[in-house]
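**Student:**
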Amino acid sequence: MWWLLHFILGFIRLYLDGVKVLLYQLFNRSFTLPDLPKQNGKVAIVTGGARGIGYEISRHLVSLDMHVVIAGNDEQKGLATVKKIQEELNQGKAGVMLVPERRTEDGFELHFGLNYLGHFLLTVLLLDVLKKSGKPGKFSRIIIMSSASHYGGRLTLDDLQGRMCYSTHGAYAQSKLALLLFSYHLQNQLWVRGDPVTVNAVDPGMVDTALYDNLSSLAKLAKKPFAKLLFRTPAEGASTAIYSAAASELEGIGGLYLYNGRKTESSALSYDERLQSKMWKESCALVGLQQN
Ligand SMILES: NC(=O)c1ccc[n+]([C@@H]2O[C@H](COP(=O)([O-])OP(=O)(O)OC[C@H]3O[C@@H](n4cnc5c(N)ncnc54)[C@H](OP(=O)(O)O)[C@@H]3O)[C@@H](O)[C@H]2O)c1
């Protein structure tokens, strides 16, 4: 019974968040990227950079003369993407949504492990390099790809892996909320120590990509006309992340949640500092990191 309620609520919350985003997209144009300064000599690591939004981010950052490292699932696909970008020529984005219950190789629930914990670990492991590479006026930038689905997200600290009660919708929303808690907590720590690194989180809107491949057949059918009319293209979905990575006006500015090129309020839960701190501790324990 409890399982059923959990499932239904997760489902309703995610779809309500989706409807709100679509209404917004119906009445508001996509953010147009301003001219961005060349990024010569800078290095970007884009997780999930081989397709979808991540691909568009990689492509655009290359055009700004950034050295882009595409971190992905499949080496051959990554190499093909590099070739494609080179021919055309001219950061955490990898993710899955609504995947039936599955575990990563390390035994984490897939949404939690891939969308959140993998990016948590990668970021923490890169922190020393990011701190050393940044300097006043040229901060290192961490950009976290969250989603409007975080608004309906709930964090079950004693069941992060959904072992007691699982819903794909709830798991996706939880992973996106966890990314925000991480993003704000990390920024606060960096500010306290005066490190030249900023962390901003981005919501790309609803974007027509392969992320929706795991919808049920019925939902896919229902999505089709909406996607054509109301979803953003991958290039439009990438614009706020590209802006966060390269805009001069965001130099030294962190701790934001950006949507459609603007600072926006994320959910009240995401600003809960006690929860942020508990989640940080739990995440360190899960990946075997010592806290500092
Ligand atoms: N599309 C939307 O409406 C929307 C809305 C809000 C937030 N987002 C977020 O935006 C991000 C990008 O999504 P998208 O829409 O561009 O989806 P997408 O086209 O499905 O791309 C997902 C990316 O994640 C990578 N990925 C998947 N499983 C992986 C794994 N096990 N290890 C490493 N990389 C893996 C994929 O790489 P491979 O191709 O190598 O598998 C792909 O590059 C996600 O974090 C998503 O949650 C999207």
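Read left to right, the sequence shown gives residues 11 to 302 (the working numbering). For each residue, glycine too, the CB sits at the ideal point set by N, CA and C.
Residues in the same chain with beta-carbon distance under 7 Å from residue 100, minus the five sequence neighbours each way, listed in chain order, please.
**Tutor:** Model confidence at residue 100 stands at a pLDDT of 43, short of 50, so the residue's coordinates are unreliable; what they give is reported in the following sentence. Around residue 100: 72, 73.
**Student:** Measure the beta-carbon distance from residue 165 to residue 285 and round it to whole angstroms, keeping in mind my assumption that it falls under 8 Å.
**Tutor:** Their Cβ separation, rounded to whole angstroms, is 7 Å, which keeps residue 165 and residue 285 in contact under 8 Å.
**Student:** What ranges does the alpha helix (DSSP H) occupy inside the segment 203-259, keeping only unbroken runs of at least 4 residues that lie completely in it?
**Tutor:** Here the runs fully enclosed are 227-240, 244-256.
**Student:** Am I right that residue 131 and residue 297 are in contact with their C-beta atoms under 8 Å? What's the rounded C-beta distance?
**Tutor:** At roughly 5 Å, the Cβ-Cβ gap stays under 8 Å, so residue 131 and residue 297 are in contact.
**Student:** Can you tell me whether residue 52 is helix, strand or coil according to DSSP?
**Tutor:** If DSSP states are grouped into helix, strand and coil, residue 52 belongs with coil.
**Student:** Hey, could you find the ends of the beta strand (DSSP E) residue 81 is sitting in?
**Tutor:** Looking at the DSSP string, the run of the beta strand (DSSP E) that includes residue 81 is 77-81.
**Student:** Would you check whether ligand 1 has a heavy atom nearer than 7 Å to the C-beta of residue 263?
**Tutor:** No, the beta carbon of residue 263 sits no closer than 7 Å to any heavy atom of ligand 1.
**Student:** Is it right to say residue 217 is buried, meaning 16 or more other beta carbons lie within 10 angstroms of its own, or is it exposed?
**Tutor:** By the neighbour-count rule (16 or more Cβ atoms within 10 Å), residue 217 is buried.
**Student:** Ligand 1 heavy atoms versus the CB of residue 214: any closer than 7 Å?
**Tutor:** Yes - ligand 1 has a heavy atom lying nearer than 7 Å to the Cβ of residue 214.
**Student:** With DSSP as the reference, identify every bridge partner of residue 150, one or two as the case may be.
**Tutor:** DSSP lists 207 as partners of residue 150.
**Student:** Is the beta carbon of residue 249 sitting closer than 8 Å to the one on residue 47?
**Tutor:** Contact: no.
**Student:** If you follow the alpha helix (DSSP H) that residue 15 is in, where does it begin and where does it stop?
**Tutor:** Looking at the DSSP string, the run of the alpha helix (DSSP H) that includes residue 15 is 12-37.
**Student:** What residue from 176, 278, 156 has the CA that sits closest to residue 269's CA?
**Tutor:** Residue 156 is the option with its Cα nearest to residue 269.
**Student:** Do residue 240 and residue 96 come within 8 Å of each other at the CB atom, strictly closer than that value?
**Tutor:** No, the pair does not count as a contact, with Cβ atoms beyond the cut-off.
**Student:** Verify the contact flag: residue 87, CB atom, against every heavy atom of ligand 1, threshold strictly below 7 Å.
**Tutor:** Yes, since a heavy atom of ligand 1 falls inside the 7 Å radius drawn around the Cβ of residue 87.
**Student:** Tell whether a beta-carbon distance below 8 Å holds between residue 181 and residue 24.
**Tutor:** In this structure, residue 24 does not lie closer than 8 Å to residue 181 by Cβ.
**Student:** Compute the distance between the beta-carbons of residue 176 and residue 98, then report whether it is under 8 Å.
**Tutor:** Contact: no.
**Student:** Pull up the CB-CB distance for residue 81 and residue 56, whole angstroms please, since I reckon it's below 8 Å.
**Tutor:** Confirmed, about 7 Å.
**Student:** So for residue 289, helix, strand or coil by DSSP?
**Tutor:** Helix.
**Student:** Note down the Cα distance separating residue 178 from residue 158, rounded to an integer number of angstroms.
**Tutor:** Distance between the alpha carbons of residue 178 and residue 158 is about 16 Å.
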